[in-house]
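Asker:
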Amino acid sequence: MRTLEDLVSDPPDLPVAASLPAITRAARPGACAVITAPPGTGKTTLVPAALATALTPEPHERPGRILVTQPRR
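For our numbering, count along the sequence shown from 1 and bump the result up by 193.
(1) State buried or exposed for Thr229, treating a residue as buried only when at least 16 other CB atoms are found within 10 Å of its CB.
(2) What's the C-alpha gap between Thr196 and Arg266?
(3) Can you tell me whether Asp199 is helix, strand or coil according to DSSP?
(4) For Thr246, does the count of other Cβ atoms within 10 angstroms reach 16, so buried, or fall short, so exposed?
(5) Assuming Ile216 is part of the alpha helix (DSSP H), what are its boundary residues?
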């Protein structure tokens with residue numbers, strides 16, 4: 194099983210991977226963001242892992258909480 198750090202440092206080839214540096218630069222404690230992209234681009238797989246890694250102050254600390262929601266019809 195891959196760790197969060199592994200997933201972020203060597204992400205799968207998904208379209209959202211190119212945006213991860215910009216997303217993590219914008220992250221800060223207490224911030225809120227809405228990220229939209231078509232299905233299958235890696236939002237659910239990569240963005241929460243990247244944010245949890247970026248918002249964890251020390252390498253061995255437990256990652257912060259990242260809330261992911263999706264609309265239901």
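All C-beta atoms, glycine included, are put in the ideal place defined by N, C-alpha and C. Being a predicted model, the structure only gives us computed values, none of them experimental.
Answerer: For this structure:
(1) As a working mapping, residue 229 is identified with position 36 in the sequence shown. Per the 10 Å Cβ criterion, exposed.
(2) As a working note, residue 196 is residue 3 in the sequence shown. As a working note, residue 266 is residue 73 in the sequence shown. In this structure, the alpha-carbon of Thr196 lies about 32 Å from that of Arg266.
(3) In the sequence shown, residue 199 corresponds to position 6, counting from 1. Here DSSP, grouped into helix, strand and coil, assigns Asp199 to helix.
(4) For this step, residue 246 is matched to residue 53 along the sequence shown. Result: buried.
(5) Position 23 of the sequence shown, counted from the first residue, corresponds to residue 216. First-last of the alpha helix (DSSP H) with Ile216: 213-219.
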